[in-house]
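Engineer: Just so you know, we're using the working numbering here: the sequence shown kicks off at 117 and counts up by one.
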Amino acid sequence: MAKAQTKAKEDSLATYRAKRDFALTAEPSGASHPASGNGFVVQKHAASRLHYDFRIELDGVLVSWAVTRGPSVNPDDKRLAVRTEDHPLDYARFEGTIPKGQYGGGTVMVWDNGTWESIPGKDPRETLPEGHLHFILHGRRMQGEWILFRLKPRGKEKGENWILRKVNDGFAGGSDDLIGTHLTSVDSGRTMEEIAAGKSVPMRKATTTGQPAETRKPARKTKSAAGKPPAFQPVQLAALVDHVPTGNAWLHELKYDGYRTLLAIGGGEGRAYTRSGLDWSDRFSRLIADAVALDVESALIDGEAVIVLPDGRTSFQALQAALKDDPGKIDYFAFDLLELNGEDLTQRPLVERKELLSALIGKGAGHLRYSDHIVGRGEQLFDSFCGAGLEGVISKRADARYSGSRSGSWVKTKCIRRQEFVIVGWLPSDKQRGFRSLLLGVNEHGRLRYAGKVGTGFTGDEMERLMEIMAPLEQTSPTVEAPRAAVRGAHWVKPRLVAEIAFMEFTDEGVLRHSSYLGLREDKKPEAVVLEVEAPVAVAAAPKKGSGIKVSNRDRVIFPEGKLTKGELADYYEAVAEIMLPWTGSRPISLVRCPQGRDKKCFFQKHDAGSFGDDVKQVAILEKDGHEESYLFVDMPAGLLTCVQMGTIEFHGWGARIEDVEKADRLVFDLDPDESLKFKDVVSAAFHLQDVLGQMGLATFPMVTGGKGVHVIAPLTPTAEWPQVKDFAHRFATALAQAEPERFTAALAKAKRTGRIFIDYLRNQRGATAVMPYSARSRPFAPIAVPLTWDELKDLDTPAHWHIGDAAEMVKRARSKNLAHWGRADQVLPDL
């Protein structure tokens, strides 16, 4: 038997060797390699056609299949796998370029590897000749139970066609979860483009962990090290209310005084993100090291980075000092778990998420702590916290999903009034150095309003540091209008700094009383600083009862085709608010308003002076000529509905959030076809962009706009500023148009678009907007913009397939496994 197996091995490797000239190709000849017995590898292979070579070690060779569309973790997907010649074991480590003219000429990436085991009772040596394999993978990307089975040959077919399919287990997911988001080598971290160019190290900053070398753990090829750090996703925010909600439907936690932080871990690596998506891994490397040590494949944890004082209080001031001098003292209180081992948990009730989080963190792991809670008795807890000098209480609906927006299912009640203010200047001290007080402002109705001053809470070192920071920002003209007597002798500064201030109350003039400086807020930009106003808890904390916005003229026909009304449009936005706000909320928006209906006069609106009321907010943004303009933004369902009440149909948003409007969090390529083209031409073009951007290491996601075209969206960790983003988008579109001039154009003139698809790259510049996911469109029959998987796009026949009557389907789709990770990827702008 052993001799027969050896002969079969040599025969199969003879076939492999006969197809290759090893004087020309760097592929291994298979001279020798020690067998480990149960290894597997998947190699992404851009030959004449892109495919994925799936290989398992069996009897001294790699039994191989070419999976034409790549593996999918969706159990409904049956991926064709063409059996190829066996490969030598040392081929599992091959990554590089096979020369043109050689068999399989093209680029090869080690896309996944690990170990495999057969299902008990399913001996692969017996089942493989019979035409089926049933096995479990322990890879970095492919995990869980899988099946391979052979199809009956058709006609004179000589080759073997098999089907690779995922079994429905805890590792099942969406069609795009694997090949759509994993675009780099598990060994070198390189993209296909970098491998083809012969680059020895990855160029993408997103592959760094932000951990010092001594704390970074290597990715082990075991179950606990599989996967990669999950991408950032928008955090859930709490609305300020006038008192703690009552009843056992709510659980209550301590409100911490620190930096809101998402910890993402997986594959032996980790990231730390601020609430706006900025990568602060370098600042919280110690926390990342502790999180990476958890017994978990991957996780996305929500919590707060803090310094705990000896009396048990957390202190933002102490945290600021620790970040400068001793970051190893920083602790992390985890209060939510958004993803675990590749499974999206955001649709589960909060109590279930916290149970899983408690099991993960236990009684503590290094500097990680579990944030406990009580159910009910919130008012007593609030009184005890206030008596102990703590900041306040966060109350959360126990049955609520994680919405990634300010939905009302989380509310906060503060013992001490405090919030961020913009530093607009200082009053000089009568001493030799330092200042007497800082002058403060807050954004209101699209401009900075004077909010008073703060003269206490500074140490000598902090006062000196602030003077050094403010000196380069000094300007001669007043930053805000203020009473002359209050600001006599002021030194004004450009509004670039944000400070956390505690205070007793506001005067009738809106000026702070009894204020105290707590520290600078480096995680928040001046544009995002607006006044927090307490809302009645009965309104803010009752999301299931609606937004509370009364919509007038509900019977007015807005869409003559189908006689769809303003009330139906409002009902649609009410229903999808929770899934729309993570994308639309907290970013500058432009509205398409059609007060009399879509067939009457419509207009864009992006500025406001307060006519929309308190539920639609304004953010002041510096224009090119140096003056500030107020831009609209919303962050709660009531804001969306107020816009609809004011005649809004469409919502378009910037490619950046209000926390940092200068850094893009996505690329958008709008494929705009000439009228002579069919939608299938646009779909084909979108897949081409997916492939080209994927070669550069960018995961992309499609969205039909409800108009004529398709948006191809690449999410970004917000590090690149607008000039760099615009330049990349322009050069990419131009290069694509030059490569296929009969198919694409990057020309703005419509006369040059005949028979071609315009790659609209202009969405990727400061101030430009793109239609938001789930926005209705002011077109016949009220179509909507809908996020899709790439598999769904392949079979779609129109970009306006869904309309405002499909709200329930949109919510169900958004909560499905297939779309759980839509629009999320840990990646930065590549070189071009």
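Built from N, CA and C at the ideal position, the CB exists for glycine as well. The structure presented is a predicted model; accordingly, all values stated were derived computationally and were not measured.
1. Using the three-state DSSP reduction, which class does Y132 fall into: helix, strand or coil?
2. For the alpha helix (DSSP H) containing W906, list its first residue and its last residue.
3. Based on Cα-Cα distance, which residue from E211, S702, D922, V828 lies nearest to K522?
4. Name the residue from A516, D715, D406, R513 whose alpha carbon lies nearest to the alpha carbon of G478.
5. How many angstroms separate the CA atom of D955 from the CA atom of H161?
6. Just tell me which of F574, L506, I446 has its CA closest to the CA of R429.
7. Can you list, in chain order, the residues of its chain with a C-beta nearer than 6 Å to that of A598? Leave out the 5 residues immediately preceding and following it.
8. Cutting at 7 Å between CB atoms, please list the residues of its own chain near E677, excluding the five before and the five after it.
9. Within its chain, find whatever has a CB closer than 7 Å to the CB of Y219; leave out the 5 residues flanking it on each side and keep chain order.
10. Exposed or buried, what is G115 when buried is set at 16 or more other beta-carbons lying within 10 Å of its beta-carbon?
11. Give a yes or no on contact between the region 206 to 220 and the region 137 to 147, applying the rule of three or more CB pairs nearer than 8 Å.
12. Whose C-alpha, out of A815, D922, G921, is nearest the C-alpha of L945?
13. Between which two residues does the beta strand (DSSP E) holding H161 run?
14. Within a Cβ cutoff of 6 Å, which residues of the same chain sit near L264, ignoring the five residues on either side of it in sequence?
15. Measuring straight from C-alpha to C-alpha, what distance separates E778 and G742?
16. What separation, rounded to the nearest whole angstrom, lies between the Cα atoms of S301 and P187?
17. Which residues mark the beginning and the end of the alpha helix (DSSP H) in which F848 is found?
18. Give the list of continuous beta strand (DSSP E) stretches no shorter than 3 residues that lie fully inside the region 869 to 936.
19. Check the DSSP bridge columns for I263 and list the partner residues they point to.
20. Quick check on E690: buried or exposed, where buried means 16 or more other Cβ atoms within 10 Å of its Cβ?
21. Check whether the Cβ atoms of G769 and I705 lie closer than 8 Å to each other.
22. Whole angstroms is fine: what's the gap from L196's alpha carbon to F348's?
23. Going straight from the alpha carbon of T325 to that of E471, what length do you get?
24. Could you check which residue in G482, F449, H483 has the C-alpha nearest to that of L473?
25. Shortest alpha-carbon distance to R257 belongs to which of H298, N669, G237?
26. In three-state terms, what does DSSP make of E468?
27. Verify whether the separation of the beta carbon atoms of S414 and F451 is less than 8 Å.
28. Quick check: the Cα distance between T700 and D751, rounded to an integer number of angstroms?
29. What is the C-beta distance between A849 and I875, in whole angstroms, given that I count them as a contact (C-beta under 8 Å)?
30. Let me confirm a value: G386 is counted as buried when at least 16 other C-beta atoms fall within 10 Å, else exposed. Which label applies?
31. When DSSP builds the beta bridges, which residues end up paired with S511?
32. So, under 8 Å CB-CB, A354 and I214 are touching, yes? Tell me the CB distance rounded to an integer number of Å.
33. Does the Cβ of P731 have 16 or more other Cβ atoms within 10 Å, making it buried, or fewer, making it exposed?
34. If we count the other Cβ atoms within 10 Å of its Cβ and call it buried at 16 or more, is E643 buried or exposed?
35. Can you name, in chain order, every residue of its own chain whose Cβ lies under 6 Å from the Cβ of T764, other than the five neighbours on each side?
36. When the Cα atoms are used, what is the spatial distance from I674 to E621?
Structural biologist: This is what the structure gives:
1. helix
2. 906 to 911
3. Position check: residue 522 holds Arg in this sequence, whereas Lys was assumed. Ranking E211, S702, D922, V828 by Cα distance to R522 puts S702 first.
4. Selected option, being the one with the closest Cα: D406.
5. The shown model of the chain, from 117 to 948, leaves out residue 955, and the question about it has no answer.
6. L506
7. Y566
8. P896, F897
9. K135, R136
10. In the structure as shown, the chain starts at 117 and stops at 948, and residue 115 therefore has no counterpart that could be examined.
11. Contact between the region 206 to 220 and the region 137 to 147 is present, with at least three C-beta pairs closer than 8 Å.
12. A815
13. 155 to 162
14. Once the five neighbours on either side are set aside, the close Cβ partners of L264 are L249, W278, L280.
15. 15 Å
16. 16 Å
17. Annotation for F848: the continuous alpha helix (DSSP H) segment containing it runs 838 to 855.
18. 873 to 876
19. H250, R281
20. buried
21. yes
22. Taking the Cα positions, L196 is about 33 Å away from F348.
23. Confidence is the limiting factor: at T325 the pLDDT is only 32, short of 50, which leaves the residue's position unreliable, though a coordinate-based value still follows. When rounded, the distance between both Cα atoms is 28 Å.
24. F449
25. Closest option to R257, Cα to Cα, is H298.
26. helix
27. no
28. 8 Å
29. 4 Å
30. buried
31. H368, V527
32. A Cβ-Cβ distance of about 55 Å is found for the pair A354 and I214, leaving them out of contact under the 8 Å criterion.
33. Here residue 731 is Asp; the residue named in the question, Pro, does not match the sequence. That one is buried.
34. buried
35. Here the set comprises L707, R709.
36. 45 Å
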